[in-house]
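Residue numbers (this note's numbering): 76 to 496. Note sheet for the following structure.
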Amino acid sequence: MGAAMRRIHVGNALSAFGLGFTVPYLYVYVAQVRGLGAMTAGLVLAVFAVAALVVLPFAGRAIVRRGPLPVLLAALVTAALGALSLGFASSAAAVLVSASLLGAGQAVMQPALATMIVDCSSADTRSRAFAMQFFLQNLGLGVGGLIGGHLVDTTSAASFTLLFSIEAAMFLLLVVVMVTVRLPHAPRIEDAPQASGRGSWKQLMGNRAMVQLCVLGFVLFFACYGQFESGLSAYGVEAAGISTSALGTALAANTLMIVVAQFAVLRFVERRRRSRVIAAVGLIWAVAWAVAGYAGLGHGSQEMATAAFVSTYALFGLGEAMLSPTVAPLVADLAPEGMAGQYNSAFALVKQLALAVGPAVGGPLGASLHAPYIVAFLVFSLGITVLAVRLGRQLTDVQDQPWIGKSRVVARGGAPVSADA
76 MGAAMRRIHV GNALSAFGLG FTVPYLYVYV AQVRGLGAMT AGLVLAVFAV AALVVLPFAG
136 RAIVRRGPLP VLLAALVTAA LGALSLGFAS SAAAVLVSAS LLGAGQAVMQ PALATMIVDC
196 SSADTRSRAF AMQFFLQNLG LGVGGLIGGH LVDTTSAASF TLLFSIEAAM FLLLVVVMVT
256 VRLPHAPRIE DAPQASGRGS WKQLMGNRAM VQLCVLGFVL FFACYGQFES GLSAYGVEAA
316 GISTSALGTA LAANTLMIVV AQFAVLRFVE RRRRSRVIAA VGLIWAVAWA VAGYAGLGHG
376 SQEMATAAFV STYALFGLGE AMLSPTVAPL VADLAPEGMA GQYNSAFALV KQLALAVGPA
436 VGGPLGASLH APYIVAFLVF SLGITVLAVR LGRQLTDVQD QPWIGKSRVV ARGGAPVSAD
496 A
């Protein structure tokens with residue numbers, strides 16, 4: 076890795092650390108420590124999703140026009156202000172405004188960092204770069220949550236003020252680190268006026284492969300990430316009798332699988348068709364849902380149910396490790412030259428929509444309708460396989476198998492060029 080890529084990966088790790096440092100404790104902070112009640116705490120969590128949905132459509136245009144680095148710096152400062160003010164907020168209005176700033180800043184960080192990875196990588200190094208990003212994000216989330224959990228004290232508001240102040244300092248430290256990044260020149264919207272304005276969104280929507288990838292991405296995030304801390308955990312507690320400690324073990328197994336398997340899996344997927352790798356993930360997750368079905372509906376011993384439930388999260392982690400070097404590089408390769416920021420933001424918007432809808436649908440279903448919940452999401456997982464196979468028919472050989480056309484890929488972040496061109 077070059078110096079720029081190393082700094083970008085530091086940025087990914089620090090931003091994930093900040094997220095894991097505070098977000099798991101937001102509910103208890105607002106509802107109990109500040110005494111604002113469960114409804115306000117629920118609104119704070121909703122504000123994170125709403126803020127992301129509001130800013131992401133504009134983030135893509137800003138990244139294309141100004142470049143990812145200025146947008147990232149603005150997002151970091153916004154998130155730092157949100158975190159710091161959240162630590163001192165004592166009223167419902169102040170908490171909601173602070174949460175909106177923090178949520179908006181964190182939402183914009185990811186497409187900006189992803190676009191910087193695109194600008195600093197080539198077609199043959201991009202999969203490894205995104206695999207490293209995913210690895211460091213999970214490591215940062217885990218370490219952040221672990222340290223944050225040891226700092227908080229529900230009887231002391233000052234401990235939470237310290238927590239949010241450290242998070243704000245982390246974001247400002249990241250500003251200092253990222254200011255030193257020197258990115259290679261990538262085309263901006265001014266270099267390609269024909270793609271400006273509404274035309275860029277029209278161009279994106281006219282890209283059938285990208286539209287199909289967005290539909291596939293929505294199902295991926297809805298059926299997996301959107302269930303981790305809502306429907307699947309509710310199902311485990313209600314149907315399988317999983318204890319809170321076992322639920323924590325399951326989440327740890329997911330992270331451990333990603334950390335251990337990421338680079339071993341990378342060697343496997345690098346020379347496979349991207350569409351077939353995604354299709355295989357759908358099958359793996361279908362098996363995971365079947366194992367979860369056994370945990371809650373199999374009438375086995377409690378030990379077997381717990382083992383099956385932990386295995387479900389581990390299988391999800393294996394699928395995630397296969398997706399990280401596959402989906403994000405594919406988004407970049409589908410983007411026309413200079414439009415990687417727009418495409419990354421559009422895909423981030425789809426992800427955020429899925430993460431907002433997933434818990435709302437899966438939570439009540441997993442808690443009360445156990446068998447229909449398992450069947451429905453097993454079908455969704457098989458749907459991932461079907462959608463991936465269909466997507467493969469829309470991709471060029473270079474997009475689906477990037478290693479075969481290294482000489483036919485244009486500048487970093489650019490679209491594949493046909494042999495006739």
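All residues carry an ideal CB built from backbone N, CA and C; glycine is no exception. Bear in mind that the values here come from a model prediction, so they are computed numbers and not experimental data.
Within 10 angstroms of its Cβ, does residue i collect 16 or more other Cβ (buried), or is it exposed?
i       : result
Lys-277 : exposed
Leu-226 : exposed
Thr-230 : exposed
Val-129 : exposed
Leu-221 : exposed
Val-461 : exposed
His-445 : buried
Ser-173 : buried
Val-366 : buried
Thr-377 : Rather than Thr, the amino acid found at residue 377 in this sequence is Gln. It counts as exposed.
Gly-77  : exposed
Ser-271 : Residue confidence is low: Ser-271 scores 46 on pLDDT, short of 50, so the model does not pin down where it sits. No coordinate-derived value is stated.
Val-256 : buried
Ala-113 : exposed
For residue i, which residues of its own chain have a beta-carbon under 7 Å away from its beta-carbon, when the five flanking residues on both sides are left out?
i       : result
Gly-93  : Gly-219, Glu-242, Met-245 and Phe-246
Leu-279 : Met-285, Gln-417, Tyr-418 and Ala-421
Ser-318 : none
Val-105 : Leu-111, Thr-115, Ala-116, Val-119 and Val-170
Ala-168 : none
So, for residue i: in the same chain, excluding its five sequence neighbours on each side, which residues have a beta-carbon less than 8 Å away from its beta-carbon?
i       : result
Gly-433 : Phe-296, Phe-297, Ala-298, Tyr-300, Gly-301, Gln-302, Ser-305 and Gly-306
Leu-466 : Ala-284, Gln-287, Leu-288, Leu-291, Ser-350 and Ile-353
Tyr-448 : Gly-306, Tyr-310, Gly-437, Leu-440 and Gly-441
Ile-459 : Leu-291, Val-294, Leu-295, Ala-298, Ile-353, Ala-354, Val-356, Gly-357 and Trp-360
Arg-109 : Ala-164, Ser-165, Val-170 and Ala-232
Gly-223 : Gly-95, Phe-96, Thr-97, Pro-99, Tyr-100 and Leu-238
Gln-427 : Ala-124, Ala-127, Leu-128, Leu-131 and Ala-182
What are the boundary residues of the alpha helix (DSSP H) that residue i is part of?
i       : result
Trp-478 : First-last for Trp-478: undefined, no H or E at that position.
Gln-212 : 201–226
Arg-351 : 349–372
Glu-242 : 232–254
Pro-447 : 445–469
Gln-302 : Run containing Gln-302: none; DSSP gives neither H nor E here.
Ser-173 : 167–194
Val-402 : 402–409
Asn-87  : 78–97
Gly-394 : 377–398
Ser-160 : 143–163
Which residue wins for smallest C-alpha separation from residue i, given the options the options?
i       : options                               : result
Leu-249 : Gly-86, Pro-143, Ala-204 and Ser-350  : Gly-86
Ala-410 : Ala-442, Met-285, Arg-81 and Ala-124  : Met-285
Leu-60  : Gln-476, Phe-452 and Ala-361          : Here the chain covers residues 76 to 496 and nothing more, so residue 60 does not appear.
Ala-359 : Met-80, Val-454 and Ser-318           : The sequence shown places Ile at residue 359, not Ala. When only C-alpha atoms are compared, the closest one is Val-454.
Leu-372 : Gln-337, Ser-320, Glu-313 and Ala-127 : Glu-313
Phe-205 : Gly-368, Ile-83 and Thr-471           : Ile-83
Tyr-388 : Gln-427, Gln-337 and Ser-308          : Ser-308
Pro-477 : Val-105, Ser-202, Ala-363 and Gly-224 : Ser-202
Leu-49  : Thr-471, Leu-177, Val-146 and Ala-363 : For residue 49 there is no data in the structure shown, the boundaries of the chain being 76 and 496.
Gly-281 : Ala-315, Ala-113, Ala-78 and Gln-469  : Gln-469
Arg-346 : Ala-396, Glu-395, Gly-316 and Asp-475 : Asp-475
Val-425 : Ala-149, Asp-199 and Ala-182          : Ala-182
Met-184 : Leu-111, Ser-234 and Leu-89           : Leu-89
Ser-508 : Ala-380, Trp-364 and Tyr-369          : Since the first residue shown for the chain is 76 and the last is 496, residue 508 is missing from the structure and cannot be characterised.
Leu-148 : Ala-167, Ser-320, Ala-168 and Ala-179 : Ala-179
Ala-158 : Ala-113, Leu-177, Asp-199 and Ala-321 : Leu-177
Gly-316 : Val-362, Ala-370, Val-335 and Arg-348 : Ala-370
Ser-234 : Ser-443, Gly-394 and Val-103          : Val-103
Met-379 : Ala-321, Arg-81 and Pro-143           : Ala-321
Ser-197 : Ala-150, Met-80 and Pro-143           : Met-80
If you drop the 5 nearest sequence neighbours on each side, which residues of the same chain put their C-beta closer than 6 Å to that of residue i?
i       : result
Val-162 : Checking the sequence, you will find Gly at residue 162 rather than Val. Same-chain partners within the cutoff: Thr-236, Phe-239 and Ser-240.
Gly-392 : Asn-329, Met-332 and Ile-333
Ala-464 : Correcting the residue type first, residue 464 is Val in the shown sequence and not Ala. Hits under 6 Å: Ala-354.
Ser-175 : Val-122 and Ala-126
Phe-210 : Gln-337
Leu-156 : Leu-176
Ala-154 : Leu-177, Gly-180, Gln-181 and Phe-246
Ala-431 : Ala-124
Gly-394 : Val-356, Ile-359 and Trp-360
If we cut at 9 Å on Cβ distances, does residue i have a partner in chain D?
i       : result
Ala-121 : Any reference to chain D falls outside this structure, which holds one protein chain only.
Task: Any 3 or more C-beta pairs closer than 8 Å across the region 371–386 and the region 319–334 - done: yes
Task: Segment contact flag, the region 400–418 with the region 193–208, C-beta cutoff 8 Å, min 3 pairs - done: yes
- [ ] Would you be able to state if there are at least three C-beta pairs under 8 Å between the region 397–404 and the region 340–352?
- [x] yes
Task: Meets three-Cβ-pair contact criterion under 8 Å: the region 128–135 and the region 415–422 - done: yes
Open item on the list: With three or more C-beta pairs closer than 8 Å as the rule, is the region 111–128 touching the region 207–218?
Closed with: no
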